[in-house]
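Residue numbers (my numbering), protein chains in the order written: chain A, 19 to 367; chain B, 19 to 367. Beta carbons: idealized from backbone N, C-alpha and C, even for Gly. Below is one structure, written out as structure tokens; the observations come after it.
2 protein chains.
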Amino acid sequence: MNRKPALAVVGATGAVGAVMLQILSQHADVWGEIRLIASPRSAGRKLAVRGEETEVVALSEETLTGIDVALFLVPAEVSAQWAPIAAAKGAVVVDNSAAFRLDPDVPLVVPEINPHSLRVRPRGIVASPGCTTLAMIVTVGALHAEFCVDELVVSAYQAVSGAGQGGVEALRTQLALVAGTELGTSPGDVRRAVGDGVGPFPAPMALNVVPWSGALAADGWSSEELAIRDETRKILSLPELRVSATCVRVPVVTSHSVSVHARFEREVSVERAHEILATSPGVVLFDDPAAGEFPTPADVVGTDPTWVGRVRRAMDDSRVLELFVCGDNLRKGAALNTAQLAEAIAREF
Amino acid sequence: MNRKPALAVVGATGAVGAVMLQILSQHADVWGEIRLIASPRSAGRKLAVRGEETEVVALSEETLTGIDVALFLVPAEVSAQWAPIAAAKGAVVVDNSAAFRLDPDVPLVVPEINPHSLRVRPRGIVASPGCTTLAMIVTVGALHAEFCVDELVVSAYQAVSGAGQGGVEALRTQLALVAGTELGTSPGDVRRAVGDGVGPFPAPMALNVVPWSGALAADGWSSEELAIRDETRKILSLPELRVSATCVRVPVVTSHSVSVHARFEREVSVERAHEILATSPGVVLFDDPAAGEFPTPADVVGTDPTWVGRVRRAMDDSRVLELFVCGDNLRKGAALNTAQLAEAIAREF
């Protein structure tokens, strides 16, 4: 690195932006200027980064000028419009939204798995995967390197913050309604108590789980379920990999969990899987049920790595491993992976 | 039926017992005497059944005398001791515990799936499956009859009432601690707030999911996960069926959900699966995501059937169906299935 590049954080005032400012403050020596950008509505606010109060400026062609690396932490439609503009002005864009993840001219990168993919970026844009893919891909990718993955069946336990700050507020409001009551024991009682207060969800979240997230895609699948399949195929360079995902929202504030059934081409063993997971970057092996050791969202929230436990081999198939993984969907699942990609690009300067 | 048989409800004062008394009151014309039995500690209490206040008597050889059918709604160790005594005194025992489920001389029966198994009962005992098996087996069994199931991968979202009344109380206490707070956003904050109040669970349940239920069995599997496999094999008469289950407790009071990945020997279609599920006894098909129709525990609790939605065929395997099922773990998952078995036996008198 010859000079410290200038960084723009587009979407600095959102939930992922808040986590990003923490991470940038912890890694204070990477960047020259850090410019905080948001919608005109949020311009003028001051946010702390690297210990300095920094004024938020409005997203515009002008504020994207003179930037080396631009992090986009905004909804897909905003990225779709503005990321190409930032790239045209000379910035390398790292986009956290779904806008470019499946674009064949945009690499989709997890630094622990496919860092080499970062180098070829015809559009000047690099994409970070979705939070549920990120919750599982670091462990699956590490095992794939040894055993060669053949099929994945995953069921997700998704936290409400994956649906944004409105999701967190909806759950907190609903919890206040059900705490201290007998709700949850007769048909529809939670739904009646919550009324219209479901927020971004299609059903109540307090005392409930909701088997739907994203938009309706083809043949009954949700867009998030197909995204897990397509992103996993792209990251692992396995375009034919069989992946069946079921996305279920659970009343957890932050940290996604995934139950993973992975079939490999090679024979597996729990002992070797433990060795691999214990030494893989970005992974914490936490797997001793007799001692109460298995990952849960409440223990994992706020931490950087993916936590993995409940490692078992199928009793009747020596090529199948079962895992339970937890990862903070706002950190590794969003801000952290994006920051890792930006820092890898910063080393080019 | 020539005479109305005498029924004993052993464990009348527990959580499943309470649901059983509701069911018996709704089906009021089946039984002659209904004797309510519990531990000596609960003897003398009066409970309403069929509109009459009925005194609870203590479990003893004497109180099991003169009974035609005895329902056991008690922990496995109590069933293991007392069910053979009731059988020796001439009663047909229907046991809701795990004590006899895998005994080769005890049929394990779901009336919608294998009613014929009820007829051969060398020990005079019939067992009802566990609540998580029951949440999924009615739908899987209906599809198996047409497509022939070959492999199941299931991830469960288990309600706290599956761990008894203590589980419900632990969740309610914890919800009161987290409601109105910012808990659930930093490492271990929920665990610190809950302290020792985890009840029967190995970790906090409020704002959390816990990938463990049951006891430690072989090779990292939990006893509940192996039970789902073994019970499914026995009910479907498929002793070699591959079943991989992951049990996860979620902060829901009542109703278990299961994400099911089912591979069949024959080609499947969503259209034919819908036809089968829409006409299967004990099943409600609720599957129109565009209209917000998919089962959730909050909508299903307190109802008798198994609800099924999210029916999709794997995009890359024409023999695989994905389903999401919900069932009330205290009704079909315990009291209702047991009552159905008892009523089928009552028709022999």
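field: Members of the region 34-58 of chain B that neighbour chain A once the beta carbon cut-off is set at 7 Å
entry: none
query: Start and end of the beta strand (DSSP E) containing Ser97 of chain B?
result: No beta strand (DSSP E) contains Ser97 of chain B, which is instead part of the alpha helix (DSSP H) from 94-106.
field: For Asp237 of chain B and Arg331 of chain A, believed in contact at Cβ under 8 Å, the rounded distance
entry: 7 Å
- request: Look up Phe165 of chain A in the DSSP assignment and say whether it is helix, strand or coil.
  value: helix
query: Name the chain A residues whose beta carbon is nearer than 9 Å to that of His279 of chain B?
result: Val171, Ser173, Ser262, Thr264, His279
- prompt: Going straight from the alpha carbon of Val216 of chain B to that of Val110 of chain A, what length do you get?
  reply: 48 Å
task: At 8 Å on the CB atoms, spell out the chain A contacts of Glu340 of chain B, in chain order.
output: Ser262, Thr264
message: Pairs of beta-carbons, one from the region 214-233 of chain A and one from the region 265-283 of chain B, closer than 8 Å: are there three or more?
response: yes
- request: Check Asp123 of chain A in the structure and name its three-state DSSP category.
  value: coil
- prompt: Cα separation between Gly62 of chain A and Thr314 of chain B?
  reply: 43 Å
query: If Gly180 of chain A and His279 of chain A are in contact, beta carbons under 8 Å, what's the gap, nearest whole angstrom?
result: Incorrect: roughly 22 Å between the Cβ atoms, too far for contact.
query: Apart from the five residues on each side of it in sequence, which residues of its chain come closer than 7 Å, Cβ to Cβ, to Leu193 of chain B?
result: Ala224
query: What does DSSP give as the partner residues of Gln176 of chain A in its beta bridges?
result: A:Arg267
query: When DSSP builds the beta bridges, which residues end up paired with Arg281 of chain B?
result: B:Glu169, B:Val338
message: Just to confirm the assignment, what range does the alpha helix (DSSP H) spanning Gly184 of chain A have?
response: 183-196
- request: Determine the contact status of Pro23 of chain A and Phe367 of chain A, defining contact as a CB-CB distance below 8 Å.
  value: yes
query: Can you name the residues that DSSP bridges to Phe90 of chain A?
result: A:Val28, A:Asp113
message: Using DSSP's beta-bridge definition, name the partner residues of Leu303 of chain A.
response: A:Val326
field: Whole-angstrom distance between Leu201 of chain A and Ser43 of chain A, CA atom to CA atom
entry: 43 Å
query: Taking 8 Å as the CB-CB limit, is Asn347 of chain B close to chain A?
result: no
query: Would you say the region 31-43 of chain B touches the region 351-367 of chain A, given that touching needs at least three Cβ pairs under 8 Å?
result: no
- request: Could you tell me whether the region 182-198 of chain A touches the region 282-295 of chain A, using the rule of 3 or more Cβ pairs below 8 Å?
  value: no
Sub-8 Å separation of Ala105 of chain A and Ile143 of chain A beta-carbons: yes
field: Pair within 8 Å by beta-carbon distance, Val338 of chain B and Ser262 of chain A
entry: yes
query: Are the beta-carbon atoms belonging to Thr157 of chain A and Leu348 of chain A less than 8 Å from one another?
result: no
task: With DSSP as the reference, label Glu71 of chain A as helix, strand or coil.
output: strand
task: Look up Lys350 of chain B in the DSSP assignment and give the residues it is bridged to.
output: Paired residues: none, contrary to the question.
- prompt: Is it buried or exposed for Ala364 of chain B, if we count other Cβ within 10 angstroms and need 16 for buried?
  reply: buried
query: In chain A, what lies closer than 8 Å to Pro229 of chain B by C-beta?
result: Ser275, Ser277, Phe312, Pro313, Thr314, Gly327, Arg328, Phe342
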